[in-house]
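What follows is one structure encoded as structure tokens, with my remarks underneath.
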Amino acid sequence: MSALWLRVGIGMGLLASAGASGAAPKARPGRPEPSRVVLPPNAPPLISVTARSPEYLAVESRLAQFIRFLQAGRRARAVELLSRRVTPRERRALIEKRWLRKAQGRSRDFAQILFLPDLQIRTREKIQGDTVRLHVLPRVFARKRKDTPVGVYEVRMRREQGRWFVELHPT
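Offset between the sequence shown (1-based) and the working numbering: plus 44.
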């Protein structure tokens with residue numbers, strides 16, 4: 045029995061000395077720490093919300109829901125989250141993919157930010173009456189890719205009938 049424990053102890057010692065301790069890899073001096081987020085190719089987007097109060101969390105979560113529907117191709121569901129101020133023509137353009145569509149290759153349209161797999165939503169200002177503006181931006185480690193738009197996409201949210209709706213218009 046003691047020989048078995050000796051073998052296990054030696055095996056564990058070899059693993060630890062070989063660097064298989066299970067610890068995360070250390071960043072090299074002068075280089076950023078490697079990202080720990082690895083998303084499968086067809087995973088839903090990872091969207092971080094930054095709100096601290098329940099009122100702002102409801103607004104940011106509603107926008108995150110809109111983005112998830114948009115990225116999943118569920119445009120009819122995304123249209124249901126649009127404000128009444130979005131015209132029927134604009135709604136039809138969204139459903140028919142003439143507006144807010146993922147571009148192939150490089151694009152100068154900042155709406156492409158909505159199609160990134162790793163996003164962050166931040167409230168830009170306090171709620172004023174029935175509106176609030178939010179910023180959608182790529183998270184830090186997503187900005188390193190050359191085909192990723194760098195910037196902030198501003199989205200206005202409007203409270204209608206006690207719920208928050210997205211107010212976006214084609215530019």
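Ideal Cβ positions, reconstructed from N, Cα and C, are used throughout, including at glycine.
Using the Cα positions of residue i and residue j, report the straight-line distance between them to the nearest angstrom.
i	j	result
Ser105	Val93	7 Å
Arg135	Ile91	24 Å
Pro132	Ala155	20 Å
Arg207	Arg152	32 Å
Lys146	Arg112	13 Å
Asn86	Gln148	17 Å
Taking 9 Å as the threshold (C-beta atoms), are residue j and residue i in contact?
i	j	result
Arg200	Thr167	no
Arg119	Lys141	yes
Val103	Leu163	no
Leu212	Leu160	no
Ile171	Arg203	yes
Starting from residue i and walking both ways along the beta strand (DSSP E), at which residues does that stretch end?
i	result
Ile218	Lying outside 45 to 215, the shown extent of the chain, residue 218 is not represented and no answer is given.
Tell me which residues share the same chain as residue i and place their Cβ nearer than 7 Å to its Cβ, disregarding the 5 neighbours each side in the sequence.
i	result
Val210	Leu107, Phe110, Leu125, Leu126, Ser127, Val199 and Met201
Leu114	Ala122, Leu144 and Leu158
Pro214	Glu134, Ala137 and Trp143
Classify residue i as helix, strand or coil using the three-state DSSP reduction.
i	result
Arg207	strand
Gln172	strand
Val93	strand
Where do the ends of the alpha helix (DSSP H) carrying residue i lie?
i	result
Val103	Pro98 to Gln115
Leu138	Pro132 to Ile139
Kindly list the residues whose CB is nearer than 8 Å to the CB of residue i, restricted to its own chain and excluding five residues on each side of it in sequence; keep chain order.
i	result
Glu169	Val176 and Arg177
Trp49	With a pLDDT of 41 at Trp49, under the threshold of 50, the modelled position of that residue is not reliable, and the figure given next carries that caveat. Counting only Cβ-Cβ distances below 8 Å, and skipping sequence neighbours, we find nothing.
Tyr197	Phe154, Ala155, Ile157, Leu158, His179, Val180 and Leu181
Pro88	Arg112, Gln115 and Ala116
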